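Under UniProt numbering, the first residue of the first sequence is numbered 1, with each subsequent residue one higher. Beta carbons are placed, not taken as given, at the ideal position from N, Cα and C, and that holds for glycine. All values derive from a computational prediction rather than experimental measurement. Quick notes on the structure that follows.
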Amino acid sequence: MSERDEQVGYDVHATEAKWLPVWDELDPFRADDASPKEKRYPLTMFPYPSGDLHMGHAEVMALHDVIARYWWLRGYEVMNPMGWDSFGLPAENAAIRNDAHPAEYTYANIETQYHSFKKYGIAFDWSRRLHTSDPEYYRWTQWLFLKFRERGLAYRKNSPVNWCPNDQTVLANEQVVDGKCERCGAEVTKRELTQWYFKITEYAQELLDDLDVLAPTWPDRVVTAQRNWIGRSEGAHLDFRIAGRDEPLTVFTTRPDTIFGTTFMVVAVDSAAAEELVTDGQRAAFEAYREEIRAASDIERLATDRPKTGVDLGITATNPVTGDEIPVWATDYVLADYGTGIVMGVPGGDQRDWEFATKFELPIIRTTEPPADWDGEAYNGEGAAINSPATGTASGLDINGMPVAEAKSATIAFLEQSGTGRGTVNFRLRDWLLSRQRYWGVPIPIIHCDTCGEVPVPYDQLPLELPELKGADLKPKGVSPLAAATDWVNVDCPSCGGPATRDSDTMDTFVDSSWYFLRYCSPNDDTQAFDSALVNAWMPCDIYVGGVEHAVLHLLYARFFTKVLADMGLLDFREPFAAQLNQGFVINRGKKMSKSLGNGVSLGDQLAEFGVDAVRLTLVFAGPPEDDIDWAEMSPGGSLRFLQRAWRLSGDVTSTAGTPFVAEGGDVALRKQTARTLTDAAELVESYRFNVMIARVMELVNATRKTIDSGAGPTDPAVREAAEVVAMLLSLVAPYTAEEMWERLGHQPGVARSSWPEVDPALLVEDTVTAVVQVQGKVRGRLEVSPDISEADLEAAALADEAVQRAIDGAEVRKVIVRAPKLVNIVL
RNA sequence: GCCGAAGUGGUGGAACGGUAUACACGCAACGCUUAGGACGUUGUGCCUUCGGGUAUAGGGGUUCGACUCCCCUCUUCGGCACCA
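Printed below as a string of structure tokens:
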């Protein structure tokens with residue numbers, strides 16, 4: 001016991017040591033599937049087992065726990081599970097460094113984190129614990145992959161992909177941020193590889209549409225990020241004929257109305273179309289240009305201010321509306337994998353095309369009338385169509401004078417009628433690349449046979465377990481370490497029995513986390529991935545608490561999985577998370593904590609100094625959950641002092657313990673404040689304003705203290721009631737202190753499973769309220785009045801007030817606004 | 001460039017269109033103390049001639065009344081970005 005603790009008689013560390021074994025015995029947070037009570041499923045993003053828990057974990061868990069514990073108190077059956085996202089690169093890299101197996105590192109860290117979680121006092125149901133790296137779990141990840149494949153939603157294709165040279169593996173688009181690897185920050189390059197994809201694009205429209213449903217209960221920034229990421233744009237496909245080629249070149253444009261201003265075509269330099277179209281005369285120039293572009297990094301290519309480059313392919317295409325022959329160029333400002341990889345060049349309406357046309361001296365025709373004061377180059381705003389067609393040009397289409405929207409639909413109608421194009425919708429979202437050339441992940445359960453092609457591993461042979469590899473065997477070498485495990489890779493084809501090889505890639509770990517929330521509902525079922533009846537009973541999750549960094553990663557993938565599984569008839573809902581709460585970061589001295597800055601704050605040190613409850617309280621009281629917390633500006637010492645003040649109340653109460661929360665008589669003012677605090681706290685927790693909820697509890701503690709010291713005294717039943725409510729509300733953030741108070745108040749352990757008291761409505765009615773009297777909108781007087789005072793009486797009382805009369809100063813009263821019983825505003 | 005969120009005391013932050021600055025931290029004075037990262041009391045936006053005046057990034061507007069709603073500007077943060 002430290003010197004400080006001795007003085008106040010409250011030893012936080014002894015209290016923690018005292019209650020942990022008691023709670024283990026009580027196991028108060030085990031969810032009962034069969035309970036008749038209404039169910040609640042709060043979920044928090046499960047951690048990756050890297051080392052011990054840190055301040056970030058501490059914050060998100062503390063916030064999450066307020067909600068979970070609140071629901072228990074309100075009488076719901078709460079399922080609050082926890083597990084580990086335990087496949088992934090850090091363990092593999094550590095294994096290479098230490099000549100070990102990734103599992104050693106992973107499962108050791110899981111145990112460390114497990115014990116830290118328990119000590120941290122989060123109300124988890126540990127009977128549902130899972131690890132995605134367990135064969136019992138990834139067996140079903142493989143099962144899901146095969147089911148997706150049967151539905152055509154998992155497929156292989158050859159395509160240029162993102163390659164992280166540091167991690168030696170490919171990455172999904174979502175894992176490339178500003179041209180860099182989301183994990184390690186290395187500059188991503190491109191490689192042409194045959195890889196597995198999930199067809200998330202098939203769900204693009206529904207993923208977008210359902211954001212409208214989620215918008216009221218999901219954070220704006222997540223909804224917006226997903227909308228941007230999905231990137232729907234409406235436009236048209238236009239077919240440009242090429243002499244001597246059967247198939248036309250099809251472009252995607254959002255501005256079909258600018259077709260009359262199309263003076264050239266541009267094809268992505270790295271596309272198959274460019275390779276095919278280039279004429280012999282231009283081939284040398286084209287290939288030189290292509291090499292030049294390939295040598296440039298993505299970072300260089302992404303710079304929007306670099307000059308336009310390109311090569312004339314030496315052919316022409318026919319404008320489907322005007323019949324004009326226009327040149328076809330190759331360039332790197334057109335992306336091979338967006339739209340059709342071919343763009344119609346409209347320099348008058350697109351700045352990039354303008355720059356290209358200017359550089360290569362191609363004609364420029366405006367097709368939208370810019371405003372009179374327009375002094376820019378390409379104009380893409382609103383305006384009447386012009387030069388469409390230009391005077392004297394023969395064309396079946398004339399949209400001159402039409403505003404943009406009308407011109408677009410008229411053009412699309414013409415294209416469809418003439419069979420040269422059609423209205424269409426394009427998405428920015430690409431299919432999800434799921435193969436990874438690393439070891440510590442789920443093996444892809446496919447066998448490649450020269451005779452039979454791709455053959456799925458039979459369901460009865462799942463799980464397909466990882467071979468035992470360790471240390472140097474795991475060194476990245478551009479192909480998966482599994483490929484070198486010859487005993488494992490070489491198999492007989494399940495279909496023809498001939499020699500075949502296993503797919504040697506493993507799955508992106510985001511696949512594992514796309515369905516773990518389903519597995520929690522029946523974590524030990526060894527006959528199926530999840531029990532649909534149980535999942536449908538518990539889900540969707542009522543709240544999902546976690547970091548906003550997953551806005552377009554995990555949260556998009558999990559939504560996709562849910563929709564597919566619903567289409568498979570396994571779920572009766574199509575969105576997994578009904579509501580979502582993002583927490584901010586814990587930073588230090590204005591900067592993100594990092595080793596290089598040397599400003600890391602150790603959670604262990606903070607817990608040792610201030611105790612679990614004070615740290616949790618500090619994190620929750622700091623401000624709104626989604627705001628960042630600068631730990632340097634927090635005062636966990638102040639939190640500890642508050643907890644001690646609260647704790648002291650429980651020792652001062654001298655009335656006899658009975659049924660909790662039943663006060664007969666006693667100090668009415670305190671009873672009213674207790675009732676008001678309970679009512680407000682419920683509303684505040686439900687709207688995630690936990691910091692304000694704690695402020696209300698602090699006020700109640702202060703009021704109770706006053707009542708003991710200078711009011712009704714420690715024997716008053718209202719004091720006991722208030723102290724009990726303090727203990728109960730405090731259990732949401734400071735479970736040890738709350739439990740200790742509860743015991744000192746004479747109750748059996750288990751304040752966290754006590755029940756929220758019914759509030760007597762009579763106690764919520766105030767005897768008097770303060771009415772404010774304003775003159776010209778400025779406060780000039782205050783009146784203590786009955787809450788049911790009539791408007792006329794309040795007005796009379798206000799006008800009779802001396803200070804008010806002084807402010808009126810004999811002027812004529814033109815109007816009096818009365819909002820009984822709170823306010824009167826006198827207008828002169 | 002496009003889209004979104006936000007700017008309140010020395011600090012973290014409160015505030016259904018109706019008392020701006022709740023609750024804390026910090027600071028100051030006093031009390032209790034051998035002592036204090038302890039406890040308690042009081043004070044604490046700014047200006048003031050003590051009547052008041054004035055303040056929610058800046059400027060307009062709506063309203064009897066605006067931190068709150070609308071418009072413009074500035075700043076910060078986030079998303080997307082050569083996406084046709």
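Just to confirm before moving on: does the CB-CB distance between residue i and residue j stay below 8 Å?
{"i": "residue 903", "j": "residue 92", "result": "Outside the shown range of the chain (1 to 828) lies residue 903, about which nothing can therefore be said."}
{"i": "residue 649", "j": "residue 726", "result": "yes"}
{"i": "residue 213", "j": "residue 277", "result": "no"}
{"i": "residue 83", "j": "residue 131", "result": "yes"}
{"i": "residue 72", "j": "residue 123", "result": "yes"}
{"i": "residue 794", "j": "residue 818", "result": "yes"}
{"i": "residue 154", "j": "residue 117", "result": "no"}
{"i": "residue 367", "j": "residue 404", "result": "no"}
{"i": "residue 812", "j": "residue 828", "result": "yes"}
{"i": "residue 193", "j": "residue 170", "result": "yes"}
{"i": "residue 724", "j": "residue 647", "result": "no"}
{"i": "residue 362", "j": "residue 264", "result": "yes"}
{"i": "residue 470", "j": "residue 95", "result": "yes"}
{"i": "residue 51", "j": "residue 109", "result": "yes"}
For residue i, does the three-state DSSP call read helix, strand or coil?
{"i": "residue 337", "result": "coil"}
{"i": "residue 240", "result": "strand"}
{"i": "residue 87", "result": "coil"}
{"i": "residue 57", "result": "helix"}
{"i": "residue 13", "result": "helix"}
{"i": "residue 115", "result": "helix"}
{"i": "residue 64", "result": "helix"}
{"i": "residue 825", "result": "strand"}
{"i": "residue 93", "result": "helix"}
{"i": "residue 77", "result": "strand"}
{"i": "residue 293", "result": "helix"}
{"i": "residue 275", "result": "helix"}
In terms of alpha-carbon separation, which member of the options lies closest to residue i?
{"i": "residue 692", "options": "736, 432, 619", "result": "619"}
{"i": "residue 255", "options": "407, 82, 803, 63", "result": "407"}
{"i": "residue 545", "options": "41, 31, 87, 10", "result": "41"}
{"i": "residue 808", "options": "252, 823, 775, 783", "result": "775"}
{"i": "residue 643", "options": "758, 582, 738", "result": "738"}
{"i": "residue 465", "options": "442, 479, 472", "result": "442"}
{"i": "residue 614", "options": "503, 593, 736, 494", "result": "736"}
{"i": "residue 162", "options": "188, 144, 697", "result": "188"}
{"i": "residue 183", "options": "708, 514, 509", "result": "509"}
{"i": "residue 742", "options": "13, 19, 321, 9", "result": "19"}
{"i": "residue 445", "options": "208, 76, 491, 80", "result": "491"}
{"i": "residue 426", "options": "233, 715, 678", "result": "233"}
{"i": "residue 703", "options": "690, 598, 718", "result": "718"}
{"i": "residue 639", "options": "662, 655, 218, 609", "result": "609"}
{"i": "residue 602", "options": "632, 582, 581", "result": "632"}
{"i": "residue 773", "options": "397, 766, 785", "result": "785"}
{"i": "residue 242", "options": "221, 272, 315, 767", "result": "315"}
{"i": "residue 160", "options": "337, 683, 429, 791", "result": "337"}
{"i": "residue 318", "options": "248, 348, 661", "result": "248"}
{"i": "residue 787", "options": "766, 803, 780, 806", "result": "766"}
According to DSSP, residue i sits in a beta bridge with which residue or residues?
{"i": "residue 541", "result": "577"}
{"i": "residue 557", "result": "The partner list for residue 557 (beta bridge, DSSP) is empty, contrary to what the question assumes."}
{"i": "residue 250", "result": "239"}
{"i": "residue 197", "result": "155, 433"}
{"i": "residue 843", "result": "In the structure as shown, the chain begins at 1 and stops at 828. Residue 843 is therefore absent and cannot be evaluated."}
{"i": "residue 163", "result": "170, 189"}
{"i": "residue 180", "result": "177, 187"}
Rounded to the nearest angstrom, how far is the Cβ of residue i from that of residue j, given a contact under 8 Å?
{"i": "residue 267", "j": "residue 364", "result": "Rounded, the Cβ-Cβ distance is 20 Å, inconsistent with contact."}
{"i": "residue 44", "j": "residue 259", "result": "52 Å between Cβ atoms; not a contact."}
{"i": "residue 497", "j": "residue 437", "result": "Between residue 437 and residue 497 the Cβ distance is about 29 Å, and since that is not below 8 Å, they are no contact."}
{"i": "residue 238", "j": "residue 381", "result": "At roughly 22 Å, the Cβ-Cβ gap does not stay under 8 Å, so residue 238 and residue 381 are not in contact."}
{"i": "residue 252", "j": "residue 340", "result": "5 Å"}
{"i": "residue 511", "j": "residue 279", "result": "Actually they are not in contact, since the Cβ atoms of residue 511 and residue 279 sit about 45 Å apart, beyond 8 Å."}
{"i": "residue 174", "j": "residue 552", "result": "5 Å"}
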